[in-house]
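For the sequence shown, numbering that gives the first Met the number 0 gives the first residue as 0, with consecutive numbering after it. C-beta atoms are modelled at their ideal positions from N, C-alpha and C, and glycine is treated no differently.
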Amino acid sequence: MKGARLCHAVAVARNGVIGADGGLAWRISDDLKQFKAATVGKPVIMGRKTFESIGRPLPERDNIVITRSPDFLKEGVFIARTIDGAVKLARELAAERGVDEIPIIGGAEIYAQTLARTERIYLTRVDADVEGDVRYPDLDSRRWREKLVGACEKNARNEYACEFFILDRKS
């Protein structure tokens with residue numbers, strides 16, 4: 000049985016940047032709310048660098064960290080040595096919790112290695128070109144059905160304006 004579908008939850012600047020210096024390249028409160036809505040109650044998969052940039056397990060989620068480091072042990076997270084191992088564990092946890100999605104939350108290497116298996120993307124398009132050292136893989140728009148689900152303006156809570164989309168893979 001296939002189980003819960005894989006999805007990406009990601010915010011991307013116009014120039015493809017998703018991160019800078021081990022963290023996010025912006026502060027957008029409304030994007031964090033969208034991220035929380037897409038991930039709470041679900042097992043989330045991330046790479047070690049993403050976990051370290053967050054600094055702690057995300058609450059109300061099963062946190063699965065992919066790392067090859069045998070010394071990496073953190074309280075409150077599951078460790079997987081491979082993407083396949085992480086997906087297998089996440090599908091077991093999703094079945095136990097009765098959820099149908101497994102959000103992948105970064106970083107760039109994990110996004111790139113899972114994009115071909117991903118069925119949905121929770122995408123925040125940040126209306127800015129920003130400096131950064133981490134990029135999201137290019138998407139072939141012919142393979143995705145895109146739906147605008149919201150937006151935010153630049154204001155005291157949001158460093159940049161953005162739009163929120165759900166992209167579903169075309170069959």
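- Put simply, the backbone Cα of GLY149 is about 15 Å away from that of LYS35.
- The alpha carbon of GLY106 has as its nearest neighbour, out of VAL133, LEU122, ALA160, THR81, the alpha carbon of VAL133.
- Taken in chain order, the whole alpha helix (DSSP H) runs of length 4 or more contained in the region 5–72 are 28–38, 47–53.
- One alpha carbon belongs to ALA160, the other to LEU166, and they sit about 19 Å apart.
- Around the C-beta of ARG119, 16 or more other C-beta atoms lie within 10 Å, and the residue is accordingly described as buried.
- Per the coordinates, the alpha-carbon of MET45 lies some 14 Å from the alpha-carbon of THR117.
- The three-state secondary structure of LYS146, taken from DSSP, is strand.
- Counting the other CB atoms within 10 Å of its CB gives GLU100 a total of 16 or more, which places it among the buried residues.
- Put simply, the region 71–85 does not touch the region 123–140. Fewer than three CB pairs are less than 8 Å apart.
- One thing to note: ARG168 has its Cβ within 8 Å of the Cβ of ARG142.
- Annotation: the continuous alpha helix (DSSP H) that includes THR113 extends over 107–113.
- In this structure, the straight-line span from the alpha carbon of LYS41 to that of ARG96 is close to 8 Å.
- In the DSSP assignment, PRO136 is bridged to no other residue.
- Within its own chain, the residues whose Cβ lies closer than 7 Å to the Cβ of ARG156, once the five positions on either side in sequence are excluded, are SER28, ASP29, listed in chain order.
- Sorting VAL125, GLU145, ILE109, LEU92 by C-alpha distance to the C-alpha of LEU31 places VAL125 at the top.
- Per DSSP, the continuous alpha helix (DSSP H) segment holding ASP83 begins and ends at 82–96.
- Per DSSP, reduced to three states, the secondary structure at ARG141 is helical.
- Distance from the CA of ALA93 to the CA of ALA3, rounded to the nearest whole angstrom, comes to 7 Å.
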